[in-house]
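> Numbering (the working numbering), first residue to last: 153 to 366.
#1: Only counting the same chain, and skipping five residues up and downstream in sequence, which positions put a Cβ closer than 6 Å to that of residue 200?
#2: Around the Cβ of residue 228, are there at least 16 other Cβ atoms within 10 angstroms (buried) or fewer (exposed)?
#3: Hey, how far is the Cα of residue 193 from the Cα of residue 343?
#4: Would you decide whether residue 310 is buried or exposed? Buried here means 16 or more other CB atoms lie within 10 Å of its CB.
#5: Which residue comes first and which comes last in the alpha helix (DSSP H) that contains residue 343?
#6: Scan the region 247-292 and note each continuous alpha helix (DSSP H) run of 4 residues or more that stays entirely inside, going in chain order.
#7: Do you know offhand how far residue 362's Cα is from residue 213's?
#8: Should residue 321 be labelled buried (16 or more other beta-carbon atoms within 10 Å of its own) or exposed?
#9: Just to confirm, are residue 288 and residue 353 a CB contact at a threshold of 8 Å?
#10: Considering only residues of the same chain and omitting the five flanking positions on each side of residue 360, which have a CB-CB separation below 7 Å?
#11: Which residues does DSSP pair with residue 361 in a beta bridge?
#12: I'd like the list of long-range same chain contacts for residue 276, defined as Cβ closer than 8 Å, with 5 residues on each side in sequence excluded.
#13: According to DSSP, simplified to helix, strand and coil, what is residue 236?
#14: Using a threshold of 8 Å, state whether the C-beta atoms of residue 278 and residue 221 are closer than that.
#15: Apart from the five residues on each side of it in sequence, which residues of its chain come closer than 7 Å, Cβ to Cβ, to residue 312?
#16: Please report the straight-line C-alpha distance between residue 351 and residue 341, rounded to a whole angstrom.
#17: Got a sec? Which residues, its chain only, sit under 6 Å from residue 219 by beta carbon, not counting five neighbours each side?
#18: Put residue 327 into one of helix, strand or coil per three-state DSSP.
#19: Give the secondary structure of residue 302 by DSSP, where H, G and I count as helix, E and B as strand, and everything else as coil.
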């Protein structure tokens with residue numbers, strides 16, 4: 153047995169994994185690689201969170217949609233051929249709905265009968281927290297700032313074009329919510345709504361462009 157064992161050692165040699173140990177250089181390289189991976193993951197996770205810290209008086213937990221002065225801003229650009237009908241441009245009525253839930257608004261926006269009701273610019277149910285009526289002129293550029301009513305989580309816009317075509321005259325936006333953590337050892341997660349800013353371009357027959365932090 154002893155002869156066989158010695159023979160195995162001689163055949164295997166000092167580099168065999170059965171009897172050899174990892175060199176200090178190999179071990180150190182592995183540690184450095186693992187450290188680099190961990191630091192990269194931590195960096196990516198940090199970049200995924202907003203840089204804005206939570207308000208000091210904010211409690212941790214789900215977002216609370218309280219009243220916010222000037223919490224909604226619409227930057228509206230109307231086309232020179234706005235609301236074309238019989239080869240002439242016309243003024244355009246916009247109804248801006250603040251909503252707790254988008255369901256009723258979406259249901260009415262599916263057909264012309266519902267759109268006519270939305271163009272009444274009145275409360276369409278318990279989901280509406282506020283509604284405002286605007287009148288735009290052709291080629292007009294206007295910025296409208298309004299207070300965000302308590303409970304508002306969505307903003308719906310309906311434009312009273314002559315065609316009143318579903319899917320072309322309404323837009324729905326969600327109030328943006330930031331999330332971040334606070335604490336050294338035990339981190340609490342905070343969520344809070346922020347200002348909604350929207351760029352709205354009104355074409356001759358439809359809302360042709362819409363963007364913002366929706």
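Each residue gets a CB set at the ideal place from its N, CA and C atoms; glycine is no exception.
This is what the structure holds:
#1: Position 48 of the chain shown, counted from the start, is the residue given in the question as residue 200. Note on residue 200: pLDDT 46, under 50, position unreliable in the model; the coordinate value appears next. Excluding positions up to five away in sequence, the list is empty.
#2: Position 76 of the chain shown, counting from 1, holds the residue named residue 228. When all chains shown are included, residue 228 counts as buried.
#3: Residue 193 sits at position 41 when you count from the first residue of the chain shown. Residue 343 sits at position 191 when you count from the first residue of the chain shown. Reliability of the predicted coordinates at residue 193 is poor, the pLDDT of 41 falling under 50, and the value obtained from them is presented with this limitation in mind. Approximately 23 Å, taken between the alpha carbons.
#4: The residue you call residue 310 lines up with position 158 of the chain shown. Buried, by the Cβ-count rule.
#5: Here the question's residue 343 lines up with position 191 in the chain shown. Note, residue 343: premise wrong, no alpha helix (DSSP H); beta strand (DSSP E) at 340-345.
#6: 255-260 and 264-270
#7: In the chain shown, the residue the question calls residue 362 occupies position 210. In the chain shown, the residue the question calls residue 213 occupies position 61. Near 31 Å, if we compare the C-alpha coordinates of residue 213 and residue 362.
#8: As a position in the chain shown, residue 321 is number 169, starting the count at 1. Classification of residue 321: buried, given that the 10 Å Cβ count is 16 or more.
#9: Position 136 of the chain shown, counting from 1, holds the residue named residue 288. Position 201 of the chain shown, counting from 1, holds the residue named residue 353. Not a contact, by the Cβ cut-off of 8 Å.
#10: As a first step, residue 360 is located in the chain shown; it is residue number 208 there, counting from the start. Around residue 360: 353.
#11: Working through the chain shown from its first residue, we reach residue 361 at position 209. Answer is 353.
#12: Locating residue 276 in the chain shown gives position 124, where the first residue counts as 1. Cβ neighbours of residue 276 beyond the five flanking positions: 249, 256, 257, 260, 269 and 270.
#13: The residue labelled residue 236 in the question sits at position 84 within the chain shown. The answer is coil: DSSP assigns residue 236 none of H, G, I, E or B.
#14: Stepping through the chain shown from its first residue, residue 278 is reached at position 126. Stepping through the chain shown from its first residue, residue 221 is reached at position 69. In this structure, residue 221 does not lie closer than 8 Å to residue 278 by Cβ.
#15: Residue mapping note: residue 312 aligns to position 160 of the chain shown, counting from 1. Cβ neighbours of residue 312 beyond the five flanking positions: 244, 245 and 271.
#16: On the chain shown, residue 351 is found 199 positions in, with the first residue counted as 1. On the chain shown, residue 341 is found 189 positions in, with the first residue counted as 1. Those two C-alpha atoms are separated by around 31 Å.
#17: Against the chain shown, residue 219 aligns to sequence position 67. Correct list, in chain order: 302.
#18: One-based indexing of the chain shown puts residue 327 at position 175. Residue state, collapsed to three classes: coil.
#19: Counting from 1 along the chain shown, the entry for residue 302 is found at position 150. The answer is coil: DSSP assigns residue 302 none of H, G, I, E or B.
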